[in-house]
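Taking it in order: structure first as structure tokens, then the write-up.
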Amino acid sequence: MAMAEDKLVKMKQGAEQVSTFESGNEMAAMAAAQINYHIMGYFPITPSTEVAQYLDLMKSKGLHDIELIAADGEHGSAGICFGAATTGARVFNATSANGLLYMIEQLPVQSGLRFPMVMNLVTRAVSGPLDIRGDHSDLYYALNTGWVILSARTPQAVYDMNIMALKLSEHKDVRLPVIVAYDGFYTSHQKRKVDYFKERDVVQEFVGEAPKGYTTSIDKDNPTTIGAHMNGDDLMNNSYQQSEALYRAYDVYNEIRKDYEEISGRSYDILDQYMMEDAEVALFLLNSAAESSKDVVDRLRSKGVKAGVISPNIIRPFPAEDIRKALKNVKAVLIGERADSYGGNGANLTHEVKSALQDDKENQTIVLSRVFGLGGKDFYADDAENFFQMAMDAAEMGYAVKPFDYYGHTPGDPEKAFQQVLEPQTRDTYKTGLIKVTEDEESGKLKVRTPPLRQLTHKPKRFASGHGACPGCGIFPGLELFFKGIEGDAVILLHTGCGYVVTSAYPYSSHKQPFIHNLFQNGPATLSGTLEAFFEMKERGEVDIDDDFTFVMITGDGGMDIGMGSAIGTALRNHKMIILEYDNEGYMNTGSQMSYSTPIGHMTSTTSVGKEQSGKAFHHKDTAQIMAATNIPYVFTGTEAFPQDLVKKAAKAQWYAQNVGLVYGKILITCPLNWKSNDRDGEAIMKAAVDSCFFPLYEVERGETNITYNPESKKKRIELAEWLKYMGKTKHMLKEENKHLLVDFENEVEKRWRTLKVKHETPYV
Amino acid sequence: MSILPKKNELGFFEIRLESIGGLGANLAGKMLAEAGVLGLGLNGSNFSSYGSEKKGSPVKSFVRYCDADTEIRDHSPIEQPHVIGVFHEALYKMVDVVSGLSADGIVLVNTKRDFDEVKEDLKLEYGTLATVDALKIAYQEKTKVNTAMLGALYRVLDFLDPEEMKKVIRRTFEKKYPHLVEPNIRTFERGYEEVIFKTYEAPADAKSKQFTRVQPKLGYETQPIGGVITAQGNSIFKDLSGSRIGFLPEYKADSCIHCAACDTVCPDYCFVWEEGEDKRGRKQMFLKGIDYQYCKGCLKCVDACPTDALADMEETIGYADKNRVKHNFPLVTGGVQ
Numbered sequence: 001m002a003m004a005e006d007k008l009v010k011m012k013q014g015a016e017q018v019s020t021f022e023s024g025n026e027m028a029a030m031a032a033a034q035i036n037y038h039i040m041g042y043f044p045i046t047p048s049t050e051v052a053q054y055l056d057l058m059k060s061k062g063l064h065d066i067e068l069i070a071a072d073g074e075h076g077s078a079g080i081c082f083g084a085a086t087t088g089a090r091v092f093n094a095t096s097a098n099g100l101l102y103m104i105e106q107l108p109v110q111s112g113l114r115f116p117m118v119m120n121l122v123t124r125a126v127s128g129p130l131d132i133r134g135d136h137s138d139l140y141y142a143l144n145t146g147w148v149i150l151s152a153r154t155p156q157a158v159y160d161m162n163i164m165a166l167k168l169s170e171h172k173d174v175r176l177p178v179i180v181a182y183d184g185f186y187t188s189h190q191k192r193k194v195d196y197f198k199e200r201d202v203v204q205e206f207v208g209e210a211p212k213g214y215t216t217s218i219d220k221d222n223p224t225t226i227g228a229h230m231n232g233d234d235l236m237n238n239s240y241q242q243s244e245a246l247y248r249a250y251d252v253y254n255e256i257r258k259d260y261e262e263i264s265g266r267s268y269d270i271l272d273q274y275m276m277e278d279a280e281v282a283l284f285l286l287n288s289a290a291e292s293s294k295d296v297v298d299r300l301r302s303k304g305v306k307a308g309v310i311s312p313n314i315i316r317p318f319p320a321e322d323i324r325k326a327l328k329n330v331k332a333v334l335i336g337e338r339a340d341s342y343g344g345n346g347a348n349l350t351h352e353v354k355s356a357l358q359d360d361k362e363n364q365t366i367v368l369s370r371v372f373g374l375g376g377k378d379f380y381a382d383d384a385e386n387f388f389q390m391a392m393d394a395a396e397m398g399y400a401v402k403p404f405d406y407y408g409h410t411p412g413d414p415e416k417a418f419q420q421v422l423e424p425q426t427r428d429t430y431k432t433g434l435i436k437v438t439e440d441e442e443s444g445k446l447k448v449r450t451p452p453l454r455q456l457t458h459k460p461k462r463f464a465s466g467h468g469a470c471p472g473c474g475i476f477p478g479l480e481l482f483f484k485g486i487e488g489d490a491v492i493l494l495h496t497g498c499g500y501v502v503t504s505a506y507p508y509s510s511h512k513q514p515f516i517h518n519l520f521q522n523g524p525a526t527l528s529g530t531l532e533a534f535f536e537m538k539e540r541g542e543v544d545i546d547d548d549f550t551f552v553m554i555t556g557d558g559g560m561d562i563g564m565g566s567a568i569g570t571a572l573r574n575h576k577m578i579i580l581e582y583d584n585e586g587y588m589n590t591g592s593q594m595s596y597s598t599p600i601g602h603m604t605s606t607t608s609v610g611k612e613q614s615g616k617a618f619h620h621k622d623t624a625q626i627m628a629a630t631n632i633p634y635v636f637t638g639t640e641a642f643p644q645d646l647v648k649k650a651a652k653a654q655w656y657a658q659n660v661g662l663v664y665g666k667i668l669i670t671c672p673l674n675w676k677s678n679d680r681d682g683e684a685i686m687k688a689a690v691d692s693c694f695f696p697l698y699e700v701e702r703g704e705t706n707i708t709y710n711p712e713s714k715k716k717r718i719e720l721a722e723w724l725k726y727m728g729k730t731k732h733m734l735k736e737e738n739k740h741l742l743v744d745f746e747n748e749v750e751k752r753w754r755t756l757k758v759k760h761e762t763p764y765v
Numbered sequence: 001m002s003i004l005p006k007k008n009e010l011g012f013f014e015i016r017l018e019s020i021g022g023l024g025a026n027l028a029g030k031m032l033a034e035a036g037v038l039g040l041g042l043n044g045s046n047f048s049s050y051g052s053e054k055k056g057s058p059v060k061s062f063v064r065y066c067d068a069d070t071e072i073r074d075h076s077p078i079e080q081p082h083v084i085g086v087f088h089e090a091l092y093k094m095v096d097v098v099s100g101l102s103a104d105g106i107v108l109v110n111t112k113r114d115f116d117e118v119k120e121d122l123k124l125e126y127g128t129l130a131t132v133d134a135l136k137i138a139y140q141e142k143t144k145v146n147t148a149m150l151g152a153l154y155r156v157l158d159f160l161d162p163e164e165m166k167k168v169i170r171r172t173f174e175k176k177y178p179h180l181v182e183p184n185i186r187t188f189e190r191g192y193e194e195v196i197f198k199t200y201e202a203p204a205d206a207k208s209k210q211f212t213r214v215q216p217k218l219g220y221e222t223q224p225i226g227g228v229i230t231a232q233g234n235s236i237f238k239d240l241s242g243s244r245i246g247f248l249p250e251y252k253a254d255s256c257i258h259c260a261a262c263d264t265v266c267p268d269y270c271f272v273w274e275e276g277e278d279k280r281g282r283k284q285m286f287l288k289g290i291d292y293q294y295c296k297g298c299l300k301c302v303d304a305c306p307t308d309a310l311a312d313m314e315e316t317i318g319y320a321d322k323n324r325v326k327h328n329f330p331l332v333t334g335g336v337q
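Residue numbers (UniProt numbering), protein chains in the order written: chain F, 1 to 765; chain Y, 1 to 337.
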């Protein structure tokens, strides 16, 4: 339901503002929409994804003109942003955690080549182990990238700093990209009362026109070389220029924030200081934790303790002089950091504050450093109280007993340590002997005999009950059906995605056999390393000669977007393993953003349906054909609605993976939550997807295509609309006004189906 | 003069909604907060518990209200709320939903049962219990549970104006789904009207129910390095029955032909098989029953069943426990709870 009406607030001076009740992510999107950037290149990652989602939703309503480009990964998104920035266009991005790390190679390119842009870094713990919640371990990687970094403690600050950031970035004395960093979930998702400018003209006037006169890649009258390579003599000078520019950003920020205060009434001094005038003990904290600690300062002050909190609004450039002044008379300061610089005796800001104090020869402040709140571990008032107590103890004693430590870690109870639960279910358990695969000597093709499914219920499931998938999730029947066709032991790797997340939430596992997770750029490469090491150790006699595994790399369709390069590389190397993709036509784990496998017109959270756009703009990726083009021995498609077909293909897949090389299989599965279909309709939807020829069941065996179920010859073919009608995400496609979309989709499906039939009828096509 | 009936030390009136993903508690929390902030000029914040939880998993939504001039700097989850709304009754099996309730607090529960039964399951000793059969209202009006709960919450939070929320409902639906306006208004009104209250007197020395922060099961001395889990398959100890919202499959063995179509489509591996002999004395697999501990109630199996051995059934309390056929997992002997 929509929000209540925005309430009008008249500022005494300055422009008219309205109050709303929104989160940090919504306010970042709001600022970007008002600025009306030219380009946003992005890739979804929690908790920053919503920024792109809100912008897409606004775009579908015609509220801005930003070209939103869904990249193939964060590395690609940074490339899109860099390329766009070279034209002089205004460019925007948002990311988190490993998204930042995946693009990090590009960040010094953006800053070192001096192209302005703004990126929101919605801070989150860096893997591994994977943790989707907030800390600053990603932000600390950004410290050395040469970007200006602003830190926003509240949704209000996210909005305000996004407006100031662009002006700062484009300023003639700076010309550097800017990060606006705010806390994942605490600031990105908590809704607060926020004021924003009613008219976007006010924002646009404040940031001004993009300055002219700088190099662009599309200026034919002044052609330039962007990205020359250098030697040290020259690189020293380039770096010096960059270093000077970053320091100049300090004064420029100070000017801009004063101008901004004029129009907004809100001030963002270099340091946010709370009760620091006469403070004897202080906490130095970044972002939301600083806010929470202010309540504790009030409480301590009422008891007569002279406590205060410092939190910088800008950390690159690092405001050393301001910090020296602020801490001048403080007896003890505790620097709490939501990240560690492992082995560094304190994380980065600890050392930066210490080095700032070092330059004041008279300074006597005792510095304590604590790593806290990693991976979104909550920070409560009593934690802030404990921090102050540590500072007070140190002030009293005149030194810190433990200058650096972790805070909030717990030893655990030996009684609750892991105990093995199930007897290991190993080769005999999974070997039914009921599946027979033989090679036809003449054709080189395989013949498979599989028993009725009833008999295969004897084989235990590879995954354990108790996983946390949604009701009606298609992943697990799909995967388990595939594994019914696999005999013996398996080593399974799941990419990041729903299938992984719901089976591996610490301290619970729904895996019975050996299992590995790796981030989804890299699953195929990872498992290829595992299996080659296994074979190498086997050859050296270091593992039991009888040990045998089928290596199965499982990914969603998202993993086949960001991990396409890894998959193709692994296929070209032809390792003896299986890549199994469960395709639910979107990035469901992060909240249903479009994938390249999302069909045209389908609604996702980044392909909204509104008056200005109708779902996804381009056709679905044909991953099976892409993989077939790598000339691997076996490619197949399958679904739970045709169980015998899938079990047979799994048996063939195992044979090829054990005897020849890489196998790729795609199973289509239902996502009732994000397809907006009934939980119980999964099998019917899959059947309709096949019978409408959207998802043909076929295999490419040693280069020859074989359609394993032809709905036409069975007289079962149905209209595409018969499939689409099951799903809320495609309802709009059946309306008269979207007829062109449906026709376009039908034509594409028909074209691919006919091509497939020709391939089926003609070997070697 | 503040319109808030009570405030804690920081000046907040706090609400915690306990639900499972998919019932719309998050949206209800957002609407409550907005009604206070944008409608009544209060200050406020709203957020949810976050994780990778999927539909059907426990979730919490938090609302803080305070007077307009009070600053909200606290980000932490609400531990001692004045009001708790329980959207899904079966949650009490998985979560201590009333943890931290203040001594004069109110708990609203979506239930069709009697006060005393609910009180016992929630282990509530005192305070005001409010109940409403939101599921029935939503079912009858073909709307959503959260709208009925929102109606009931408006009755509990009597400083909010229900007429304003009706306007919001009208505005939300009238453009795109005009036929949904009246059913939703009725759902809201019925929630408001049909909620009933019972107060259990608190003894004079009653204190707030102590909130207990959930502690991790393992620690740095017990956690294997690298985050490895060395107890493969231990998710079998999880009880997912709380994910069901009203229905489960009923199994009638007499009509079963043991074709395994149900087993093929089941996302949660609930079907329990055992080896036996067929009429000719050959070894064969037979479906023994359903392990309801893992059943999330999607009912795919009912549609897959070629006979009438599986059917939709409205779940009554106790049915699943009584009719559960336990999986015969090869548990390691000794040591495992």
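Backbone N, C-alpha and C define an ideal beta-carbon position, used for all residues, glycine too.
- The criterion of a C-beta distance shorter than 8 Å is not satisfied by F/Tyr406 and F/Ile366.
- According to the DSSP assignment, F/Gln156 belongs to the alpha helix (DSSP H) that extends over 155-170.
- Contiguous alpha helix (DSSP H) elements confined to the region 212-274 of chain Y occur at 261-265, taking only those with 4 or more residues.
- In the structure shown, Y/Lys283 adopts extended strand secondary structure according to DSSP, grouped into three states.
- Shown in chain order are the members of the region 493-527 of chain F whose Cβ falls below 9 Å from a Cβ of chain Y: Cys498, Val501, Val502, Thr503, Ser504, Ala505, Tyr506, Pro507, Tyr508, Ser509, Ser510, His511, Lys512, Gln513, Pro514, Phe515.
- In this structure, F/Arg90 keeps its C-beta atom at 8 Å or more from the C-beta atom of F/Ala245.
- Counting other Cβ atoms within 10 Å of its Cβ, F/Glu170 reaches 16 or more and is therefore classed as buried.
- Closest in C-alpha terms to F/Ala391, from the list F/Val353, F/Gly336, F/Gly412, F/Asp378, comes F/Gly336.
- Here DSSP, grouped into helix, strand and coil, assigns F/His351 to helix.
- Look at the beta carbons and you see the region 643-652 of chain F not touching the region 268-277 of chain Y: under three pairs across the two are nearer than 8 Å.
- Pairing F/Thr623 with F/Glu581 gives a Cβ-Cβ distance under 8 Å.
- Neighbours of F/Cys671 across chain Y, judged by C-beta separation under 8 Å, do not exist; the nearest C-beta is about 10 Å away.
- Along the length of the region 302-344 of chain F, whole beta strand (DSSP E) runs at least 3 residues long occupy 307-312, 314-316, 332-337, reported in chain order.
- Under DSSP, the beta-bridge partners assigned to F/Ser151 are F/Ala181.
- Secondary structure at Y/Leu299: coil, using DSSP grouped into helix, strand and coil.
- Interface with chain Y (8 Å Cβ-Cβ cutoff): F/Pro643 is included.
- Comparing alpha carbon positions, the residue from Y/Ile169, Y/Val97, Y/Ile290, Y/Gly11 closest to Y/Ala35 is Y/Ile169.
- Nothing from the region 209-221 of chain F brings a Cβ to less than 9 Å from some Cβ of chain Y.
- By the Cβ test, the region 301-315 of chain Y is not in contact with the region 47-65 of chain Y, since fewer than three Cβ pairs between them sit closer than 8 Å.
- Within chain Y, the C-beta atoms nearer than 7 Å to that of F/Phe21 come from Ala33, Glu34, Val37, Leu38, in chain order.
- Rounded to the nearest angstrom, the gap between the Cα atoms of Y/Asp96 and Y/Glu250 is 29 Å.
- For the pair F/Gly478 and F/Glu640, the CB atoms are nearer than the 8 Å cut-off.
- Around the Cβ of F/Val51, a 10 Å sphere holds 16 or more other Cβ atoms; the residue is buried.
- Exposed is the label assigned to Y/Val228, since fewer than 16 other Cβ atoms lie within 10 Å of its Cβ.
- Annotation for F/Ile39: Glu67, Ala84, Ala89, Val91 place their beta carbon closer than 6 Å to its own, counting only its chain and skipping 5 residues before and after.
- The beta carbon of F/Leu456 is closer than 6 Å to those of Lys484 in its chain, skipping five residues each way along the sequence.
- Secondary structure at Y/Cys66: strand, using DSSP grouped into helix, strand and coil.
- Put simply, the region 127-136 of chain F does not touch the region 291-302 of chain F. Fewer than three CB pairs are less than 8 Å apart.
- Those residues of the region 196-220 of chain Y placed with their C-beta closer than 9 Å to a C-beta in chain F are Arg213, Gln215, Pro216, Lys217, Leu218, Gly219, Tyr220, ordered along the chain.
- Along the region 393-419 of chain F, going in chain order, the ones with a CB nearer than 8 Å to a CB of chain Y are His409, Thr410, Pro411, Gly412, Asp413, Pro414, Lys416, Ala417, Phe418, Gln419.
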